[in-house]
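Colleague: Following our numbering, the numbering of the sequence shown begins with 76 at its first residue and continues without gaps.
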Amino acid sequence: MVVLGMPQRLPGGVSKVNVSVDERRKLGLIPKDFLGLGYEISSVSTAGLLSPRNASYVNLMRNLGAAGVVRIGGLTADDASFMPDAAAMPDAAAVSKAKGSVVNLANLRELASLLRATGWKLIWCLNLGSGSAEEAATEAVAVDREMGDRLLALEIGNEPDGFHAGSFAHRAPAYGYDDYLQEYRRYKEAIRKKLPSAPFAGPDAASKTDWVTRFAADEGRDLKMLTHHYYRECANPTSTLDKLLHTDPKLAPMLEKLRAATAASGVPFRICETNSFCGGGKPGVSDTFGAALWALDFLWKLAEGGCAGVNMETGVNQLDFVSSYSPIADNSAKPEYYGMLAFAQAVGGERVSVEIDAGDLNLSAYAARQGRAVLVTLINKETAAVVDVQITASARFGSAKALRLTAPSLESKEGVTFGGSSVSKQGEWKPHKAEGLAFKDRQCEVHLNPASAVVIALKTE
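(1) Under a three-way DSSP split, which group does Lys488 fall into?
(2) Just reading off the beta strand (DSSP E) that Ala448 is part of, what are its end residues?
(3) With respect to the beta strand (DSSP E) encompassing Glu258, which residues constitute its N-terminal and C-terminal limits?
(4) Our contact map puts Phe109 next to Val385 with C-beta atoms below 8 Å; I'd like the distance itself, whole angstroms only.
(5) Could you compute how far the alpha carbon of Leu189 sits from the alpha carbon of Gly123?
(6) Can the beta-carbon of Val218 be found closer than 8 Å to that of Trp199?
(7) How many angstroms separate the CA atom of Ala509 from the CA atom of Thr481?
(8) Is the segment 360-372 touching the segment 331-339, taking contact as three or more C-beta pairs under 8 Å?
(9) Val133 by DSSP, collapsed to three states: which one?
(10) Return the residue from the list Gly277, Val287, Ala249, Gly251 that minimises the CA-CA distance to Tyr262.
(11) Between Val521 and Leu512, what straight-line distance do the alpha-carbon atoms span, to the nearest angstrom?
(12) On a Cα-Cα basis, can you pick out the residue from Leu450, Ala475, Asp435, Gly473 that is closest to Ala460?
(13) Using a Cβ-Cβ cut-off of 7 Å (strictly less than) and excluding sequence neighbours within five positions of Lys101, which residues of its own chain qualify?
(14) Rounded to the nearest angstrom, what separates Lys91 and Arg444 at their Cα positions?
(15) Could you tell me the distance, in whole angstroms, from the CA atom of Ser205 to the CA atom of Arg345?
(16) Under the assumption that Gly365 contacts Glu486 (Cβ atoms under 8 Å), give the Cβ distance between them as a whole number of angstroms.
(17) Taking the Cβ atom as the reference point for each residue, do Asp463 and Val89 lie within a distance shorter than 8 Å?
(18) Under the three-state reduction of DSSP, which class applies to Trp195: helix, strand or coil?
(19) Note down, in chain order, each residue of its chain lying with its Cβ closer than 7 Å to the Cβ of Val391, except the 5 sequence neighbours on either side.
(20) Just to confirm, is the Cβ distance from His44 to Ala273 under 8 Å?
(21) Take every Cβ of the segment 244-260, pair it with every Cβ of the segment 296-313, and state whether three or more of those distances are shorter than 8 Å.
(22) Could you name the residues of the same chain whose beta carbon sits closer than 7 Å to that of Thr288, not counting the 5 residues immediately before and after it, in chain order?
(23) Terminal residues of the continuous beta strand (DSSP E) containing Leu112?
(24) Go through the segment 390-437 residue by residue and report every complete run of the alpha helix (DSSP H) that reaches 4 residues or more, in order.
(25) Please classify Asp516: is it buried, with 16 or more other beta-carbons within 10 angstroms of its beta-carbon, or exposed?
(26) Determine the burial state of Ala161: buried for a count of at least 16 other Cβ atoms within 10 Å of its Cβ, exposed for fewer.
(27) Check whether the segment 220-233 and the segment 182-197 are in contact - that is, three or more C-beta pairs closer than 8 Å.
(28) Taking C-beta to C-beta, are Cys347 and Asp279 nearer than 8 Å?
(29) Exposed or buried, which one is His507 when buried takes at least 16 other CB atoms within 10 Å?
(30) Is Phe243 helix, strand or coil when you go by DSSP?
(31) For Ser171, which residues in the same chain have their Cβ closer than 6 Å to its Cβ, ignoring the five residues on either side in sequence?
(32) Roughly how far, in whole angstroms, is the beta-carbon of Asn138 from the beta-carbon of Ala419, given that I think they are within contact range, below 8 Å?
(33) Spatial neighbours of Trp286 within its chain, please: C-beta separation below 6 Å, excluding the five flanking residues on both sides.
(34) Between which two residues does the beta strand (DSSP E) carrying Leu124 extend?
(35) So which of Phe472, Tyr400, Asp154 has the shortest CA-CA distance to Ala244?
(36) Identify which residue in Asp317, Val422, Ala212, Leu326 has its Cα closest to the Cα of Asn455.
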């Protein structure tokens, strides 16, 4: 997206904005497995959750794409144990208890069945913090055997750049990248002795992007992907909707470094754990419709930044409660899920050039070629500004139809719809209303209310 010029101010407080779409300028594919969900490892040992028998969950995953990625890890991964025949223990609050989660063989088989039912793949994080290389090797063999072609990669340790500090400290304060690399290679060697074809990803950094850059240089020849986490900040009194809906100044520099690491190593990078505010999110912010608009915009920004995929953290967190930011809770779609659902329409498409004259309006525009249609996504993050958008395409099109992402208000936790439909209790979604837009030759106009978004399909002739 390129921002140019200033919008026109029309009578009645309406702003007129011009958006130009040039489908001839191709900017890169959005991988079919771009979208994903991330879980603490305790979710795997929670009976009936990540199971093909959980029909609503299967539908919720399928809505986001036929080739997504589940990532199992989180802070509790470095306190968890794999015990094939033991009783499962979905204990996420390892920070306050001596024993972490226990995953057994039956749990792995349930997860594998869910992945086969949805067509999704798996990133699995092994315990580096409190486990051993031999235990990790045994677990890796079991995960590989049960998952088969559903296993995308193994990670060794979760957020090792934070091992030296905090409630989940696993190492001495002086622990640094070189220490991690030595341990990683020791674990990898033990795993490869039992599983020669084991696929790896890493370093799963929380915030130290230089760890990813160095890891790409040191291990790039033997990696499936580079992995990094991202949160705007940890939830605090300043974690407001206004902050969430405005660009994080640290995001673009982080993506630029990751993109450079990918260019130098040839290994794609994935933001494999992310959401709005860490620590479970900010109630009244992370669980509102504003988070849906943030998620839609954020996913597009990651795609623009060269990211190969993203896993939105979901469900019960390391403190043993369902995170406010979770896109899925109690087997139902929450506001943030709808932002992911709107983005899912473009997954597998080819990003194309967009220019917008939004000026100081908090308005975003993105586009992707999807089959015979060019999908244009417009996101109005203004709380009061009404915008009339004129879209000019580089090619003639024969129809223009819009699916709107709306809610009663920015703060709404209920009543969110996409394409005029809510996601049912069974996890099913179909657009109820594809709104036809007036068009002529290469232009159409759309009216965009405050705090709303729209996905417009321009079907080319």
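Think of the CB as a built atom: it goes at the ideal place given N, C-alpha and C, for glycine as much as any other residue.
Modeller: Reading from the atomic positions:
(1) Along the sequence shown, one-based indexing puts residue 488 at 413. If DSSP states are grouped into helix, strand and coil, Lys488 belongs with coil.
(2) Residue numbering aside, residue 448 sits at position 373 when the sequence shown is read from its first letter. Unbroken beta strand (DSSP E) run through Ala448: 448-455.
(3) Indexing the sequence shown from 1 puts residue 258 at position 183. Where Glu258 is concerned, there is no enclosing beta strand (DSSP E), although the alpha helix (DSSP H) it sits in stretches over 252-269.
(4) Within the sequence shown, the letter at position 34 stands for residue 109. Within the sequence shown, the letter at position 310 stands for residue 385. Indeed, because the Cβ distance is near 7 Å, the residues count as touching under 8 Å.
(5) On the sequence shown, position 114 is the one that residue 189 refers to. On the sequence shown, position 48 is the one that residue 123 refers to. If you take the alpha carbons of Leu189 and Gly123, they lie about 11 Å apart.
(6) Taking the sequence shown and counting its residues from 1, the one referred to as residue 218 is at position 143. Taking the sequence shown and counting its residues from 1, the one referred to as residue 199 is at position 124. Contact annotation: Val218 and Trp199 have beta-carbon atoms nearer than 8 Å.
(7) Looking up residue 509 in the sequence shown gives position 434. Looking up residue 481 in the sequence shown gives position 406. One C-alpha to the other measures close to 14 Å.
(8) no
(9) Here residue 133 corresponds to residue number 58 of the sequence shown, with the count starting at 1. Val133 falls in the helix class under three-state DSSP.
(10) If you number the sequence shown from 1, residue 262 lands on position 187. With distances taken between Cα atoms, Tyr262 lies closest to Gly277.
(11) Position 446 of the sequence shown holds residue 521. Position 437 of the sequence shown holds residue 512. One C-alpha to the other measures close to 7 Å.
(12) Within the sequence shown, numbered from 1, the residue matching residue 460 stands at position 385. Among Leu450, Ala475, Asp435, Gly473, the Cα nearest to that of Ala460 belongs to Asp435.
(13) In the sequence shown, the residue the question calls residue 101 occupies position 26. For Lys101, where only same-chain residues beyond five positions count, the Cβ hits under 7 Å are Glu425, Val427.
(14) As a first step, residue 91 is located in the sequence shown; it is residue number 16 there, counting from the start. As a first step, residue 444 is located in the sequence shown; it is residue number 369 there, counting from the start. If you take the alpha carbons of Lys91 and Arg444, they lie about 25 Å apart.
(15) Stepping through the sequence shown from its first residue, residue 205 is reached at position 130. Stepping through the sequence shown from its first residue, residue 345 is reached at position 270. Going by the C-alpha atoms only, they are around 25 Å apart.
(16) Within the sequence shown, numbered from 1, the residue matching residue 365 stands at position 290. Within the sequence shown, numbered from 1, the residue matching residue 486 stands at position 411. The pair is a contact, with the Cβ atoms about 7 Å apart (cut-off 8 Å).
(17) For the purposes of this step, residue 463 is taken as residue 388 along the sequence shown, with counting starting at 1. For the purposes of this step, residue 89 is taken as residue 14 along the sequence shown, with counting starting at 1. Taking 8 Å as the Cβ cut-off, Asp463 and Val89 qualify as a contacting pair.
(18) Within the sequence shown, numbered from 1, the residue matching residue 195 stands at position 120. Coil.
(19) Along the sequence shown, read from residue 1 onward, the residue named residue 391 stands at position 316. Here the set comprises Glu115, Ser117, Ser118, Ala167, Val397.
(20) Any question about residue 44 goes unanswered here, given that the chain covers just 76 to 536.
(21) no
(22) Numbered from 1 along the sequence shown, position 213 holds the residue referred to as residue 288. Only Lys332, Ala336 meet the Cβ criterion.
(23) In the sequence shown, the residue the question calls residue 112 occupies position 37. That run of the beta strand (DSSP E) goes 110-115.
(24) Within the segment 390-437, the complete alpha helix (DSSP H) segments at least 4 residues long are 410-419, listed from N- to C-terminus.
(25) The residue labelled residue 516 in the question sits at position 441 within the sequence shown. By the neighbour-count rule (16 or more Cβ atoms within 10 Å), Asp516 is not buried but exposed.
(26) Taking the first residue of the sequence shown as position 1, residue 161 is located at position 86. With fewer than 16 other Cβ atoms within 10 Å, it is exposed.
(27) yes
(28) As a first step, residue 347 must be located in the sequence shown, where it is residue number 272. As a first step, residue 279 must be located in the sequence shown, where it is residue number 204. Their beta carbons are under 8 Å apart, which means Cys347 touches Asp279 by this criterion.
(29) Reading the sequence shown from its first residue, position 432 is the one you call residue 507. Its Cβ having fewer than 16 others within 10 Å, His507 is exposed.
(30) Locating residue 243 in the sequence shown gives position 168, counting from the first residue. Residue state, collapsed to three classes: coil.
(31) Translated into positions along the sequence shown, residue 171 becomes position 96. With a pLDDT of 43 at Ser171, under the threshold of 50, the modelled position of this residue cannot be trusted; read the value that follows with caution. So the list is empty, once near-sequence residues are dropped.
(32) In the sequence shown, the residue the question calls residue 138 occupies position 63. In the sequence shown, the residue the question calls residue 419 occupies position 344. 7 Å between Cβ atoms; contact.
(33) One-based indexing of the sequence shown puts residue 286 at position 211. Here the set comprises Asp236, Tyr252, Pro278, Ala280.
(34) Locating residue 124 in the sequence shown gives position 49, where the first residue counts as 1. Where Leu124 is concerned, there is no enclosing beta strand (DSSP E), given that its DSSP letter is neither H nor E.
(35) As a first step, residue 244 must be located in the sequence shown, where it is residue number 169. Of the candidates Phe472, Tyr400, Asp154, the one whose C-alpha sits nearest the C-alpha of Ala244 is Asp154.
(36) Here residue 455 corresponds to residue number 380 of the sequence shown, with the count starting at 1. Closest in C-alpha terms to Asn455, from the list Asp317, Val422, Ala212, Leu326, comes Asp317.
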